[in-house]
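Keeping their order, the protein sequence lines are chains A and B.
First residue of the first sequence? That's 704 in our numbering, and the numbers climb one at a time after it.
First residue of the second sequence? That's 6 in our numbering, and the numbers climb one at a time after it.
In what follows, a structure is listed as structure tokens, so that the remarks can point back to it.
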Amino acid sequence: MKKVLSVVVVLLIMFGASVYADSVRESLTKESTIEKILRRGYIKVGMSTFVPWAMQDKNGNLIGFEIDVAKRLAQDMGVKVEFIPTKWSGIIPALLTGKYDVIIGGMGITPERNKKVNFTIPYDYSGMSIVAHKEKAKGFSKLEDFNKSDVVIAVRIGTTAESAVKKYLPNAKLKLFDDESQAIQELLTGRVHAVVASAPMPAFQAIEHSDKLFVPFKETFTKEPIAFAIRKGDVDTLNYFNSWITIVESEGWLKERKDYWFNSKDWEQLLK
Amino acid sequence: MKKVKFKRIDILVLSILLIIVFYVFYRINIYIDYHWQWHRVVDYIINKDENGYHFGLLSKGLFYTLKLSLWSIIFSIILGFIFGTFRSFKRPFFRFGSLVYVEVNRNIPPLILIFIFYFFISDQIFTLLEVEYFIRNLGETTREIISIFFAPPNLISSFFAGVLALSVFESAYIAEIVKAGIESVDVGQKEAAKALGLSKYQVLRYIIIPQASKVIIPPLSNQCISTIKDSSIVSVIAIPELTFQGMEMMSATYLSYETWITVTFFYFILTFSLSLLNKRIEKTYTLNF
Chain A
704 MKKVLSVVVV LLIMFGASVY ADSVRESLTK ESTIEKILRR GYIKVGMSTF
754 VPWAMQDKNG NLIGFEIDVA KRLAQDMGVK VEFIPTKWSG IIPALLTGKY
804 DVIIGGMGIT PERNKKVNFT IPYDYSGMSI VAHKEKAKGF SKLEDFNKSD
854 VVIAVRIGTT AESAVKKYLP NAKLKLFDDE SQAIQELLTG RVHAVVASAP
904 MPAFQAIEHS DKLFVPFKET FTKEPIAFAI RKGDVDTLNY FNSWITIVES
954 EGWLKERKDY WFNSKDWEQL LK
Chain B
6 MKKVKFKRID ILVLSILLII VFYVFYRINI YIDYHWQWHR VVDYIINKDE
56 NGYHFGLLSK GLFYTLKLSL WSIIFSIILG FIFGTFRSFK RPFFRFGSLV
106 YVEVNRNIPP LILIFIFYFF ISDQIFTLLE VEYFIRNLGE TTREIISIFF
156 APPNLISSFF AGVLALSVFE SAYIAEIVKA GIESVDVGQK EAAKALGLSK
206 YQVLRYIIIP QASKVIIPPL SNQCISTIKD SSIVSVIAIP ELTFQGMEMM
256 SATYLSYETW ITVTFFYFIL TFSLSLLNKR IEKTYTLNF
């Protein structure tokens with residue numbers, strides 16, 4: 704009798720647990736960002752200006768690699784897309800407080816950022832490259848040349864360029880700017896030796912100001928995975944975005960778009 | 006209007022100023038060897054394609070600054086008058102309430118106020134009230150009108166947060182101006198009005214406010230100009246006003262000098278035309294009393 708009773712009790716507990724697990728799963732799915740996006744019919748994307756990832760053309764329309772990615776994502780989901788331009792330094796806090804559903808803004812995965820957000824699988828890789836002043840950095844041709852205490856390097860605050868300089872050029876002095884254009888301006892006036900930023904911006908700047916600036920070495924000195932960032936603990940959404948990235952990656956669509964924005968300058972007339 | 010007479014010293018000062026301006030441009034050209042590209046700026050103000058003319062990035066920013074300043078000025082004047090008159094009341098509740106309001110808001114930097122409103126009011130309260138959904142669910146035309154006078158749905162909560170923060174900040178100063186104006190009215194005026202049997206409200210409405218206005222209007226118009234200038238701080242919460250658009254344009258084109266000279270000029274047009282308008286208002290107002 705005792706045996707039968709204990710079996711019944713165990714069965715009841717198991718049944719109860721599975722019912723409970725079902726309801727947890729159901730509510731998780733219902734509360735996932737992806738469900739919310741589908742229900743309301745538009746996706747809110749947080750981004751910040753980074754040429755050529757995302758920028759405003761002269762009429763104020765958003766263009767760039769990230770913009771293409773977000774638009775295609777929305778199209779595949781069957782919803783409209785809404786971009787929310789944000790200052791880079793406040794982009795993660797604004798995601799956490801719910802200003803938008805996802806950051807698609809050329810954000811590199813870092814362990815530090817990963818403490819606050821969840822990242823998808825990478826949909827792009829980027830690396831740091833360097834552009835230097837012809838006179839101030841005369842004869843500099845490798846990374847070690849910049850790792851001296853009298854070398855000053857300008858970067859955009861809060862970017863992976865900042866941490867890359869700290870890691871690879873610990874002896875150099877850092878000068879932080881809110882915007883990359885300010886850093887470039889500082890370089891043009893010759894107050895710093897070089898600017899470190901994600902490729903291809905340094906190369907573009909060297910072409911634009913070929914009389915003053917040069918690229919000391921061609922290859923990038925870091926390799927950084929770029930991913931979407933979403934609020935923590937939303938497996939459903941994470942899975943959806945991961946699958947989407949896998950699909951467009953295998954289609955070759957990502958590479959094609961990347962070539963357009965990074966290896967051609969066909970889009971430049973939109974800014975001129 | 007008095008005739009302006011130039012003396013030797015004025016001419017000297019003016020020429021020194023001109024020399025300084027030219028020297029700055031000269032330095033920019035020589036020292037940093039800057040390639041001016043003014044023709045590219047024009048497209049960011051107004052440009053043309055096969056569909057006709059379009060307002061550029063900067064013009065759109067100017068329009069946002071106008072909207073932002075206008076609403077902030079209206080709300081800050083309303084709040085400022087309420088709290089300013091409260092200061093003159095005898096009841097401690099009103100007196101101290103408004104004193105606390107003025108002191109708290111005057112002693113918080115406007116940038117911090119904007120973050121408080123952005124992260125607290127617009128995130129917590131607007132989300133709770135579902136302001137965004139409410140606006141999205143309105144009819145097409147209503148939504149259109151809201152977009153023109155305020156901002157499109159995706160920006161509406163930041164826009165309101167910006168307007169509120171600016172209004173609250175500026176109203177603290179306006180309250181002081183209003184208070185000073187009311188205090189400038191002679192006590193005898195109030196007593197005489199009371200003796201005539203006017204009610205408290207009537208005393209305020211017909212005796213005090215009209216006389217105080219003369220003292221209030223000049224500093225008040227000054228505060229309005231300040232509001233336009235202060236509105237540039239809301240660029241930190243990414244409202245696409247003039248300063249934010251200037252930064253966007255600079256990030257995209259790297260034309261730092263051209264961008265900021267143009268943005269400065271736009272702000273100058275706004276503030277200068279407002280101060281001309283204010284002069285006219287002051288004149289007509291002082292003539293009427």
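Even for Gly, the Cβ is constructed at its ideal location relative to N, Cα and C.
Which chain B residues sit within Cβ distance under 9 Å of D969 (chain A)? The residue labelled residue 969 (chain A) in the question sits at position 266 within the first sequence. Those do not exist, as D969 (chain A) stays about 16 Å from chain B at its closest Cβ, beyond 9 Å.
Going by DSSP, what residues sit across from K878 (chain A) in a beta bridge? As a first step, residue 878 (chain A) is located in the first sequence; it is residue number 175 there, counting from the start. According to DSSP, which records beta bridges pairwise, K878 (chain A) is partnered with A:A857.
Chain-ordered chain A contacts of R32 (chain B) [CB-CB under 8 Å]: As a position in the second sequence, residue 32 (chain B) is number 27, starting the count at 1. Within chain A, no residue comes near R32 (chain B); the closest Cβ sits about 11 Å away, beyond 8 Å.
Taking only beta-carbon positions, decide if E253 (chain B) is within less than 9 Å of chain A. Along the second sequence, one-based indexing puts residue 253 (chain B) at 248. It does: the Cβ of E253 (chain B) has a partner Cβ on chain A nearer than 9 Å.
Check whether the Cβ atoms of F965 (chain A) and P903 (chain A) lie closer than 9 Å to each other. Your numbering for residue 965 (chain A) matches position 262 in the first sequence. Your numbering for residue 903 (chain A) matches position 200 in the first sequence. Contact flag set, yes.
What are the residues in the segment 258 to 273 of chain B lying within 7 Å of chain A by C-beta distance? T258, Y259 and S261
For K837 (chain A), which of A:R742, A:R743 and A:H912 has the nearest alpha-carbon? In the first sequence, residue 837 (chain A) corresponds to position 134, counting from 1. Selected option, being the one with the closest Cα: A:H912.
For the segment 863 to 896 of chain A, which residues have a beta carbon sitting closer than 9 Å to at least one beta carbon of chain B? The residues in question are D881, D882, E883, S884, Q885, I887, Q888, L891, T892 and G893.
Neighbourhood of V854 (chain A) by C-beta distance below 6 Å, restricted to the same chain and skipping five residues each side: Translated into the one-based positions of the first sequence, residue 854 (chain A) becomes position 151. Closer than 6 Å at Cβ, skipping near neighbours: A875 and H896.
Can K802 (chain A) and T789 (chain A) be called in contact, C-beta distance under 9 Å? As a working note, residue 802 (chain A) is residue 99 in the first sequence. As a working note, residue 789 (chain A) is residue 86 in the first sequence. Contact annotation: K802 (chain A) and T789 (chain A) have beta-carbon atoms nearer than 9 Å.
Under a Cβ-count criterion, where at least 16 other Cβ atoms within 10 Å of its own Cβ denotes burial, should N110 (chain B) be classed as buried or exposed? Position 105 of the second sequence, counted from the first residue, corresponds to residue 110 (chain B). So N110 (chain B) ends up on the buried side.
Considering only the beta carbon of each residue, do D807 (chain A) and V820 (chain A) sit closer than 9 Å? Residue numbering aside, residue 807 (chain A) sits at position 104 when the first sequence is read from its first letter. Residue numbering aside, residue 820 (chain A) sits at position 117 when the first sequence is read from its first letter. The sequence as given places Ile at residue 807 (chain A); Asp does not occur at that position. Contact: no.
Of the residues that make up the segment 48 to 59 of chain B, which ones have a beta carbon closer than 7 Å to any beta carbon in chain A? Sequence-ordered contacts of the segment 48 to 59 of chain B with chain A read D48, Y49, N52 and H59 [C-beta pairs closer than 7 Å].
Would you say S81 (chain B) touches the ligand SAM, meaning its beta carbon is less than 8 Å from a heavy atom? Among the components of this structure there are no ligands whatsoever, and the ligand SAM is therefore not found.
Rounded separation between R32 (chain B) and W43 (chain B) - CA only: By one-based count along the second sequence, residue 32 (chain B) stands at place 27. By one-based count along the second sequence, residue 43 (chain B) stands at place 38. Approximately 18 Å, taken between the alpha carbons.
Exposed unless 16 or more other CB atoms sit within 10 angstroms - verdict on E135 (chain B): Numbered from its first residue, the second sequence carries residue 135 (chain B) at position 130. Classification for E135 (chain B): exposed.
Roughly how many angstroms separate the alpha carbons of P224 (chain B) and I182 (chain B), rounded to a whole number? As a first step, residue 224 (chain B) must be located in the second sequence, where it is residue number 219. As a first step, residue 182 (chain B) must be located in the second sequence, where it is residue number 177. Whole-angstrom Cα-Cα distance: 7 Å.
Every unbroken alpha helix (DSSP H) inside the segment 891 to 930 of chain A [4 residues or more]: DSSP assignment within the segment 891 to 930 of chain A yields the following whole alpha helix (DSSP H) runs of 4 residues or more, N-terminal first: 904 to 911.
Whole-number beta carbon distance between I833 (chain A) and V782 (chain A), since they are thought to touch under 8 Å: Residue mapping note: residue 782 (chain A) aligns to position 79 of the first sequence, counting from 1. Residue mapping note: residue 833 (chain A) aligns to position 130 of the first sequence, counting from 1. With a Cβ gap of about 40 Å, V782 (chain A) and I833 (chain A) do not count as contacting.
Could you compute how far the alpha carbon of N942 (chain A) sits from the alpha carbon of F931 (chain A)? If you number the first sequence from 1, residue 942 (chain A) lands on position 239. If you number the first sequence from 1, residue 931 (chain A) lands on position 228. Whole-angstrom Cα-Cα distance: 12 Å.
What residue range does the alpha helix (DSSP H) around N52 (chain B) cover? Position 47 of the second sequence holds residue 52 (chain B). Counting along the chain, N52 (chain B) falls outside any alpha helix (DSSP H), though it belongs to the beta strand (DSSP E) covering I51 to D54.
Given a cut-off of 9 Å, decide if S189 (chain B) and V220 (chain B) are closer than it, judged by their beta-carbon atoms. Stepping through the second sequence from its first residue, residue 220 (chain B) is reached at position 215. Stepping through the second sequence from its first residue, residue 189 (chain B) is reached at position 184. The answer is yes: Cβ separation under 9 Å.
DSSP three-state call for G85 (chain B): helix, strand or coil? One-based indexing of the second sequence puts residue 85 (chain B) at position 80. Helix, per DSSP.
Taking 9 Å as the cut-off, decide whether the C-beta atoms of G167 (chain B) and L73 (chain B) are in contact. One-based indexing of the second sequence puts residue 167 (chain B) at position 162. One-based indexing of the second sequence puts residue 73 (chain B) at position 68. Their beta carbons are under 9 Å apart, which means G167 (chain B) touches L73 (chain B) by this criterion.
When you compare the CB of D804 (chain A) with every CB in chain B, is at least one pair closer than 9 Å? Position 101 of the first sequence, counted from the first residue, corresponds to residue 804 (chain A). It does not; no Cβ of chain B falls within 9 Å.
Please tell me whether V239 (chain B) and L281 (chain B) are closer than 9 Å, where the distance is taken between their beta carbons. The count along the second sequence starts at 1 and reaches residue 239 (chain B) at position 234. The count along the second sequence starts at 1 and reaches residue 281 (chain B) at position 276. Cβ distance not < 9 Å, so V239 (chain B) and L281 (chain B) don't count as in contact.
Around the Cβ of K921 (chain A), are there at least 16 other Cβ atoms within 10 angstroms (buried) or fewer (exposed)? Within the first sequence, the letter at position 218 stands for residue 921 (chain A). It is exposed - the Cβ of K921 (chain A) has fewer than 16 other Cβ atoms within 10 Å.
Verify whether the separation of the beta carbon atoms of S103 (chain B) and Q888 (chain A) is less than 9 Å. Counting from one through the second sequence, the residue named residue 103 (chain B) turns up at place 98. Counting from one through the first sequence, the residue named residue 888 (chain A) turns up at place 185. Result no, Cβ atoms of S103 (chain B) and Q888 (chain A) do not sit closer than 9 Å.
Cβ shell of M254 (chain B) (< 6 Å), same chain only, five flanking positions each side left out: Reading the second sequence from its first residue, position 249 is the one you call residue 254 (chain B). Correct list, in chain order: Y49, L62 and T264.
Could you pull out every residue in the same chain whose Cβ sits closer than 7 Å to the Cβ of V868 (chain A), ignoring the five residues on either side in sequence? For this step, residue 868 (chain A) is matched to residue 165 along the first sequence. Short of 7 Å from the beta carbon of V868 (chain A), and not among the five residues preceding or following it, lie these beta carbons of its own chain, in chain order: I856, V858, A875, L877 and V899.
Compute the beta-carbon to beta-carbon distance between F88 (chain B) and S231 (chain B), rounded to the nearest angstrom, for a pair I have assumed lies under 8 Å. Counting from 1 along the second sequence, the entry for residue 88 (chain B) is found at position 83. Counting from 1 along the second sequence, the entry for residue 231 (chain B) is found at position 226. In fact, because the Cβ distance is near 17 Å, the residues do not count as touching under 8 Å.
Going by CA-CA distance only, name the one from B:E246, B:E149, B:T90 and B:S256 that's closest to Y272 (chain B). As a working mapping, residue 272 (chain B) is identified with position 267 in the second sequence. Considering only alpha carbons, the answer is B:E246.
Could you check whether the Cβ of S256 (chain B) sits closer than 9 Å to any Cβ belonging to chain A? Your numbering for residue 256 (chain B) matches position 251 in the second sequence. Judged by the 9 Å Cβ criterion, S256 (chain B) is in contact with chain A.
Is the Cβ of D128 (chain B) closer than 9 Å to any Cβ of chain A? Residue mapping note: residue 128 (chain B) aligns to position 123 of the second sequence, counting from 1. It does: the Cβ of D128 (chain B) has a partner Cβ on chain A nearer than 9 Å.
Between the segment 117 to 126 of chain B and the segment 156 to 167 of chain B, do at least 3 Cβ pairs fall closer than 8 Å? Flag = yes, the segment 117 to 126 of chain B and the segment 156 to 167 of chain B touch.
With DSSP collapsed to three states, give me the class of K821 (chain A). If you number the first sequence from 1, residue 821 (chain A) lands on position 118. The sequence given here has Asn at residue 821 (chain A), not Lys. Three-state DSSP puts N821 (chain A) in a strand.
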